[in-house]
Each structure stands twice: as structure tokens, then as C-alpha cells.
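Encoded as C-alpha cells, the structure appears first; notes follow it.
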Amino acid sequence: MSLNLVPFVSVDNMMKLVLHLGVGRVLTDLAAEIEADFRRWPDFDKTPRVASHSDVGVIELMPTSDGELYGFKYVNGHPKNMKEGLQTVTAFGLLADVATGYPVLLSEMTILTALRTAAMSALAAKHLAPKGAQVMALIGNGAHAEFQALAFQAICGISEVRLYDTDATATAKCLRNLRDAGLKLTPCKTPEEAILGAQIITTCTADKQYATILTDNMVGAGVHINAVGGDCPGKTELHRDILLRSEIFVEYPPQTRIEGEIQQLAPDHPVTELWQVMTGAAPGRTEAGQITLFDSVGFAIEDFSALRYIHAQLQGTGFFQNLDMIADPDEPRDLYGMLLRAKAS
Ligand code: NAD
33 MSLNLVPFVS VDNMMKLVLH LGVGRVLTDL AAEIEADFRR WPDFDKTPRV ASHSDVGVIE
93 LMPTSDGELY GFKYVNGHPK NMKEGLQTVT AFGLLADVAT GYPVLLSEMT ILTALRTAAM
153 SALAAKHLAP KGAQVMALIG NGAHAEFQAL AFQAICGISE VRLYDTDATA TAKCLRNLRD
213 AGLKLTPCKT PEEAILGAQI ITTCTADKQY ATILTDNMVG AGVHINAVGG DCPGKTELHR
273 DILLRSEIFV EYPPQTRIEG EIQQLAPDHP VTELWQVMTG AAPGRTEAGQ ITLFDSVGFA
333 IEDFSALRYI HAQLQGTGFF QNLDMIADPD EPRDLYGMLL RAKAS
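Note that the working numbering has the sequence shown beginning at 33, numbered continuously upward.
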């Protein structure tokens, strides 16, 4: 392949690729890719994402590199979009060769973000949730919800999902989309009903405020909380008292302290980095009665792992287009001459 032609995965081709591989397999593979990259955490350049905030949302760039490949994702978060018929979260990303600086992949990442976020959630729960957990409460039944349910089924063996959303049409949509997934689905009228008997509680709501999706009295001993929706300054889902009772696990502390549930706590409140749990350097769940909390915000390495996975899976498929993205004059310094020749032809 010519170096100036960059494979581009459109939304249409991403859907074809994911359906070709199977959603369960993609989620399981992504979790394995992310875990492999988290286990070599020191190899990566790391920085909190670069965020541009407005009153209605945020636009972020998420870069990282392992010295061989460089990747970034562009992603937005606009909770009010849904009411206007738009996605809350959209994204695209790029992977480049560090040796030349040339891009090697450009991809849609709206679907890929939902897949990688769900894979990351289930991967964290694999290390932290009570062994043998079967029941998950899923509060917030929007665009990411089905991906979360399917990842916990494929990676953690969840067999029942108890669904709650302030908007009953979102829950109805999940019930419809998941009806053939082999999960027991229980629609609930209140968040209290949703968490009944759940060993795992996932919050995946979108609201640009300090929300209280779970209050302290709702959370019993021994559960694992997967808090996905609080991922931005001023946007949280859990009452502070829950955090004070929990063992808190995070992706990259400098980013999570700004964006995660722990923005409600003192800047030196103890947290454990998940990569250390994965390498065995730090313990995960140590007691049955412990409340473990994955304060998920989404970190650049997860997107890097996802882009690298998609790049590898594309080989031998037709699920991409080649983009003429890099100017490539025959003589590298004759960039202007190339322009003149285009005018003449
Ligand atoms: P979405 O807008 O499609 O769905 C959010 C759902 O939450 C809606 O159905 C809404 O009715 C519901 N909701 C709002 N307030 C609620 C409440 N108090 N109780 C119950 N339900 C409530 O959003 P999405 O695309 O599914 O994303 C969900 C969240 O995940 C967003 O906040 C997004 O920013 C975040 N996110 C996190 C990561 C990460 O890595 N942690 C990655 C991507 C997105």
C-alpha cells in the first residue's frame, strides 16, 4: 500500500466490521487489548486530555504514544444533544507511525468509543467485582447502555440486567435491542428497584451537573460500582458519601482527579491505578464486604488499543476506503511543483 494512502473506516464500514467479527468477540478482544496495554503502562506517553469546555458541553483531544505508534481521539460530550435528536458523544481518531509521522489509520470512533468504554468497564469489573456476580443494575439506558450490558455478559458472565432510566422510552429501546441477547432483562421504575439484588451497579447517565444518581443509603456492602457517566469537571453521578466508603480505582489519576467522581474529594484522597491491579502490583478487591468503585472517565490508552485492534482486523477485509491524505511529490522538496503540475493537467 502506498504510504500516502491512509485507510479510513467510516461508520458504515465500522458497523460491517463489528458485525462480521461479532459484537461479543469485539468486546472480549478489546478488553484483552486494553489489558495488554495497561500491563505495559510505563511504555506510554501520558497526559490528561486537552478539553475545551462550553456551557453546553466539552470537546476533547486524547493523545498517547508507545514510541512506535501515536494515536489521538477527538471526542465531544454534549448531554443536551439527545433532546435535539443528536448523539451526546461522537468521536473519530487517528493512528500514526512514530518513525515517519505518517498516519496509518483514520477511523470513526463513535461506535468504537461505546465498544471500548464497555470493554474497559467489564475489564475493571473482572478484577474488582465480587466473584460469581450474576446481576447488574444499569442506570442510564442511552446510547452506551446495550454495549455495557453485552460487555458484562461476555467478559464477566452477567446473566441479569436490571434497567432504569428517567426516560422510560430509553429503557424500552434497550429491552427491544437486547431481547435476543440471552440476558434476563428487568425494567425498573426507580433506581432503588434497579439495584435490588445487584452485585454490580453501572451508572451511565448524561447530565452536565453534580447529579446524585446513587445516594449513600442505596449502596450496600460488597457491591462493585461502575460509574461511567461522570467524566467531566462539574459532571458527577454519585453522592460524595459513597466515595468515602469505597475503595476507588481509576485509569490515570491526573485526569480522573479533574473529571471523575473524585473531583468531589480532597486532591490527595487515596486511589489505586487499575494498571497496577492488572500487573499484580496493587490489590483489587480484598474483602467480600468492600465497596469497589471504578471511577471511569475514559483514557487515551484505551482508544489507542482500540485503534490498533481495528487496524489489525482490517487486513484482508474490504471494510475501509483509501484516503489520499498525505501530499506525496516524486521529489520530496518539490511540493509547489506538484501543485503547478496539477494546474497544468
Ligand atoms: P445518552 O445521552 O445517549 O444517554 C444517557 C441516558 O441517561 C439518557 O437515556 C437519559 O435519559 C439518562 N438519564 C439522565 N439523567 C438520569 C438520571 N438521573 N437517572 C437515570 N437516567 C438518567 O448518553 P451516552 O452516549 O449513553 O453516554 C452516557 C454517559 O457516558 C455520558 O455522560 C457520557 O459523557 C459518558 N461517557 C463516558 C465514557 C467513559 O469512558 N467513562 C466514555 C464515553 C461516554
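Ideal placement from N, C-alpha and C gives every residue a C-beta, glycine not left out.
Going by DSSP, what residue range makes up the alpha helix (DSSP H) through residue i?
i: S328; result: Note, S328: premise wrong, no alpha helix (DSSP H); not H, not E.
i: Q353; result: First-last for Q353: 353-356, but that is the beta strand (DSSP E), not the alpha helix (DSSP H).
i: Q347; result: Element bounds for Q347: n/a, residue is neither H nor E.
i: G56; result: 55-70
i: Q308; result: 306-311
i: G369; result: 367-376
Can you list, in chain order, the residues of its chain with a C-beta nearer than 8 angstroms to that of residue i? Leave out the 5 residues immediately preceding and following it.
i: A156; result: N258, F281, L306, F326, S328
i: A161; result: C188, Q231, I232, H256, R317, T324
i: V50; result: V58, I143, L147
i: L367; result: A359, P361
i: K409; result: Within the shown structure, residues of the chain are numbered from 33 to 377, placing residue 409 beyond reach of any answer.
i: S84; result: V90, I91, E92
i: D118; result: Reading the sequence as shown, one finds Leu at residue 118 and not Asp. H110, listed in sequence order.
i: M250; result: P223, E224, I227
Between the C-alpha atoms of residue i and residue j, what's the straight-line distance to the nearest angstrom?
i: H343; j: D273; result: 43 angstroms
i: L138; j: D356; result: 12 angstroms
i: A320; j: L62; result: 28 angstroms
i: I245; j: L93; result: 28 angstroms
i: T235; j: L270; result: 9 angstroms
i: G1; j: A313; result: No answer is possible for residue 1: it lies beyond the span of the chain, which begins at 33 and ends at 377.
i: D362; j: L346; result: 28 angstroms
i: A154; j: D87; result: 32 angstroms
i: Q166; j: L215; result: 10 angstroms
i: R340; j: R72; result: 15 angstroms
i: P135; j: A338; result: 16 angstroms
i: L207; j: A181; result: 11 angstroms
i: D197; j: T122; result: 21 angstroms
i: G261; j: L35; result: 39 angstroms
i: M114; j: E100; result: 38 angstroms
i: I171; j: T304; result: 25 angstroms
i: G222; j: A359; result: According to the sequence as given, residue 222 is Thr; it is not Gly. Rounded to the nearest angstrom, the two C-alpha atoms are 57 angstroms apart.
i: V106; j: P80; result: A small fix is needed here, since residue 106 is Tyr in this sequence, not Val. Using only the alpha carbons, I get a separation of about 14 angstroms.
i: T60; j: L126; result: 22 angstroms
i: A175; j: P364; result: 46 angstroms
i: G266; j: D300; result: 19 angstroms
i: N354; j: G348; result: 14 angstroms
i: V19; j: F352; result: Since the first residue shown for the chain is 33 and the last is 377, residue 19 is missing from the structure and cannot be characterised.
i: Q185; j: G164; result: 12 angstroms
i: A243; j: T268; result: 6 angstroms
i: I294; j: T288; result: 7 angstroms
i: E382; j: C220; result: Within the shown structure, residues of the chain are numbered from 33 to 377, placing residue 382 beyond reach of any answer.
i: E225; j: L275; result: 21 angstroms
i: P302; j: P74; result: 21 angstroms
i: I190; j: H52; result: 24 angstroms
i: D335; j: G133; result: 18 angstroms
i: D248; j: K48; result: 43 angstroms
i: K375; j: D98; result: 41 angstroms
i: D212; j: A200; result: 20 angstroms
i: E67; j: S278; result: 23 angstroms
Tell me which residues share the same chain as residue i and place their Cβ nearer than 6 angstroms to its Cβ, disregarding the 5 neighbours each side in the sequence.
i: I333; result: D69, F76, T96
i: Y102; result: A128, V130
i: V309; result: H159, G316
i: M370; result: P361
i: N173; result: L195, D197, A202, T203, C206
i: P286; result: P80
The beta strand (DSSP E) that contains residue i, what's its start and end?
i: T149; result: Premise fails: T149 lies in the alpha helix (DSSP H), 142-160, not in any beta strand (DSSP E).
i: L297; result: Careful: L297 lies outside any beta strand (DSSP E) and carries neither H nor E.
So, at 7 angstroms on beta carbons, what are the nonlocal neighbours of residue i in its own chain, with the 5 sequence-adjacent residues on each side left out?
i: G330; result: T149, D263
i: A253; result: G321, I323
i: E140; result: V41, S42, V43, M46, F124
i: K78; result: T96, Y284
i: L210; result: E178, A181, L217
i: E291; result: D263, C264, P265, V329
i: H110; result: V88, G89, T120
i: T145; result: V107, V121, A123
i: T311; result: R71
In the DSSP assignment, what residue or residues form a beta bridge with residue i?
i: P39; result: N354
i: T324; result: H256, E279
Contained alpha helix (DSSP H) runs [length at least 4] in the region 163-211, N- to C-terminal order: 177-188, 200-209
List, from N- to C-terminal side, the beta strand (DSSP E) runs of 3 residues or more that fit wholly inside the region 76-145. 82-85, 90-97, 101-109, 123-129, 135-140
Unbroken stretches of the beta strand (DSSP E), 3 residues or longer, contained in the region 213-289: 216-219, 232-235, 242-246, 256-259, 268-270, 278-282
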